[in-house]
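Heads up: the sequence shown begins at 337 in this note's numbering, then just goes up one per residue. Backbone N, C-alpha and C fix where the C-beta goes; we use that ideal spot for every residue, glycine too. What you are looking at is a predicted structure, and each value in this text was computed from that prediction instead of being measured.
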Amino acid sequence: MVDQVDKYSIHFKAPVLPTPPREYVGGYFNALNNILRLYFSQLDTYAQELTTDLAVSYTTSTGDVTLARVRRQVAFANAAGTTTIDLPPTPSDSDQITIKNVNTGTCTIDGNGKNIDGAATKALAQWDALHLLYSSTLGKWLIV
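Okay, here's the thing in structure tokens:
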């Protein structure tokens, strides 16, 4: 498995590559192949984690909606009337959501049980936007 020291550094847990023998030894190539498989397997796992961490989900809503939990998300409220966007009920630390009201109606952002900068809801007029970051330490959404 991958031992991450910080967010984007990686250390492999595998033996060092064997020194090639002076003469042909059949077992050398098997050992080398097994170690390279281990390295590439760990690299693939790390790449999948990084891709998941950096992915952004986009949602456009013309009515009331509850957002699903994803690491990064952008939501557009596109309703002429009043609409409500409920934030995910079980967010994780550092989840980020950006919401922009792109129509004439008022968009209400509901924290879904988690406060948004001390309030249960926030209202967005036309062209207003909020960028939210969830803090599990504080148990609330922060406007950043």
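Exercise. If we ignore side chains and look at the alpha-carbon of each, how far apart do residue 474 and residue 440 end up?
Worked result: Looking at the two C-alpha atoms, the distance is approximately 33 Å.
Problem set entry | Spatially closest choice to residue 466 from 428, 425, 429 and 421, by CA coordinates | 421
Problem set entry | Minimum length 3: unbroken beta strand (DSSP E) runs contained in the segment 370 to 443 | 393 to 397, 408 to 413, 419 to 422 and 432 to 437
Problem set entry | Reduced DSSP category for residue 459 - H, G, I as helix; E, B as strand; rest coil | The answer is strand: DSSP assigns residue 459 an E or B state.
Exercise. Leaving out five residues before and five after residue 416 in sequence, what residues of the same chain have Cβ atoms less than 7 Å from its Cβ?
Worked result: Within the same chain, 439, 440 and 441 come within 7 Å of residue 416 by CB-CB distance, once the 5 residues on both sides are set aside.
Exercise. Which of the three DSSP states, helix, strand or coil, is assigned to residue 360?
Worked result: Coil at residue 360, not helix or strand.
Problem set entry | Sheet register partners of residue 450 (DSSP bridge) | Within the DSSP bridge table, the entry for residue 450 names no partner.
Exercise. Who are the near neighbours of residue 351 in its chain, counting only those whose CB is closer than 7 Å to its CB and skipping five residues on each side?
Worked result: 371
Exercise. Where residue 399 and residue 451 are concerned, what is the direct C-alpha to C-alpha distance, given to the nearest angstrom?
Worked result: 22 Å
Exercise. Which of the three DSSP states, helix, strand or coil, is assigned to residue 368?
Worked result: Assignment of residue 368 by DSSP, reduced to helix, strand and coil, places it in the helix class.
Problem set entry | With 16 other Cβ atoms within 10 Å as the buried cut-off, status of residue 433 | Classification for residue 433: buried.
Exercise. Run through DSSP, which three-state label would residue 468 get?
Worked result: strand
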